[in-house]
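Sequential numbering from 79 applies to the sequence shown in the working numbering. Backbone N, C-alpha and C define an ideal beta-carbon position, used for all residues, glycine too. I have placed the structure first, in the form of structure tokens, so that the comments after it can refer back to it.
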Amino acid sequence: MPKSRPPSSPSPQVNSARTNSPTGSGSGWWRVDFSGHAGSIGRMTGKDTAHARLCIRDPIPDIFEAYYLLSAATDAHKHGQFRAAETLFAKANMPTVYDWAWADWQKPSLNIRIPKPENDTIKIPKAELDPVRAPSRTTKRAVLDRDGYRCRYCGIPVIDADIRKLVHKLYPEAVPWVSNAPEKQHAAFSCFWLQYDHVVPHSHGGRSDEENVVVSCALCNFGKLDYTVKQLDIADPRERPPASAPWDGLERLRGCN
Numbered sequence: 079m080p081k082s083r084p085p086s087s088p089s090p091q092v093n094s095a096r097t098n099s100p101t102g103s104g105s106g107w108w109r110v111d112f113s114g115h116a117g118s119i120g121r122m123t124g125k126d127t128a129h130a131r132l133c134i135r136d137p138i139p140d141i142f143e144a145y146y147l148l149s150a151a152t153d154a155h156k157h158g159q160f161r162a163a164e165t166l167f168a169k170a171n172m173p174t175v176y177d178w179a180w181a182d183w184q185k186p187s188l189n190i191r192i193p194k195p196e197n198d199t200i201k202i203p204k205a206e207l208d209p210v211r212a213p214s215r216t217t218k219r220a221v222l223d224r225d226g227y228r229c230r231y232c233g234i235p236v237i238d239a240d241i242r243k244l245v246h247k248l249y250p251e252a253v254p255w256v257s258n259a260p261e262k263q264h265a266a267f268s269c270f271w272l273q274y275d276h277v278v279p280h281s282h283g284g285r286s287d288e289e290n291v292v293v294s295c296a297l298c299n300f301g302k303l304d305y306t307v308k309q310l311d312i313a314d315p316r317e318r319p320p321a322s323a324p325w326d327g328l329e330r331l332r333g334c335n
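Structure follows, in structure tokens:
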């Protein structure tokens, strides 16, 4: 588990705002109201969805603070401020972020609220499953273009594994990553790990196409496993439009060295 964290982080009971842009535009990119009901992306979008349970675990302020730090580190690196970048990447390795993600990630069965919901899908014989288990590159590109670098369930930023691998190569001490040891992985990059989730599980006949696949963070994907949204008692993310956010998934790092 990460051993250090930033000296301070916003409280869940207060409104937090960052006016620095992740892409350097200064457009007030991070404005999150954490007051109100759990599970509401309305706090991030301004829409009235306060009474819906939208995800397995409600995001905490430290998650967005961690992304701000990663974004600032990215900009520092691109401007040749490598020591500052290393410090910021290290600060984003926050124990609270690790705890938030790992608590519901390690035992997905504990996330079930309704074991056998009415009118739910069920597992079907293997011979009847979509032969394409993983979404194609074309499907992933279309889904990412539609959803952006934001989890369709909980709304947090997501980052492609290729970007994490690049940053780990550039800053191995600040961004640790041991594949088979989650406690030795950078908390923020683990939390923001871009996934493509089958809303209707593949084992239930869900197809690997744009209609059934959404962008997801690691927790909402691995914590959901092959359970249905009804079993987890969360809203189907396809029933609401993707929420726009100016997060670029740190893609501006591609090609850097």
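Neighbourhood of residue i by C-beta, 7 Å cutoff - its chain only, sequence neighbours within 5 removed
i	result
N290	H276, V277, V278, G284
T298	The sequence shown places Cys at residue 298, not Thr. Answer for C298: C133, I134, C229, Y231, C232, D275, listed in chain order.
K308	I192, P195, D198
E317	none
D314	V277, V307
S103	Interpretation of S103 is limited by its pLDDT of 33, a score under 50 that renders its predicted location unreliable; the figure taken from the coordinates is listed afterwards. There are no such residues.
L303	P186
E164	Y249, A252
P260	W180, S268
Residue range of the unbroken alpha helix (DSSP H) whose run includes residue i
i	result
Q309	307–310
S149	139–156
W180	173–183
T165	160–169
V210	Here V210 belongs to no alpha helix (DSSP H), and DSSP marks it neither H nor E.
D223	215–225
L297	296–300
Same chain, Cβ closer than 8 Å to residue i, neighbours up to 5 away in sequence not counted
i	result
N335	L248
L188	D182
L331	T152, H155, K156, I241, L244, V245
I190	Y305, Q309, L310
A239	W271, L272
I202	S281, H282, G283
R215	none
N258	none
Residue i and residue j closer than 7 Å at C-beta
i	j	result
L328	I234	no
P186	G301	yes
K169	L148	no
I138	W180	no
I312	R131	yes
V210	C269	no
Whole-number beta carbon distance between residue j and residue i, since they are thought to touch under 8 Å
i	j	result
S286	T217	7 Å
K262	V256	4 Å
H280	I200	Actually they do not touch by this definition, with Cβ atoms about 13 Å apart.
V293	L222	6 Å
D225	P324	Contact doesn't hold; Cβ gap of about 14 Å is too wide.
Contacting residues, own chain, Cβ-Cβ under 6 Å from residue i (five flanking each side not counted)
i	result
K125	Confidence in K125 is poor, its pLDDT being 41 and thus under 50, which makes the residue's placement unreliable; the coordinate value appears in the next sentence. Closer than 6 Å at Cβ, skipping near neighbours: no residue.
A220	E288
C295	C229, I234, V236
F167	A151, Y249, A252, V253
Cβ of residue i within 7 Å of any chain B Cβ
i	result
P254	This model lacks chain B altogether, as it is built from one protein chain only.
**Report entry** Within the stretch 229–294, ranges of the alpha helix (DSSP H) (whole runs, at least 4 residues)
**Finding:** 239–248, 265–269
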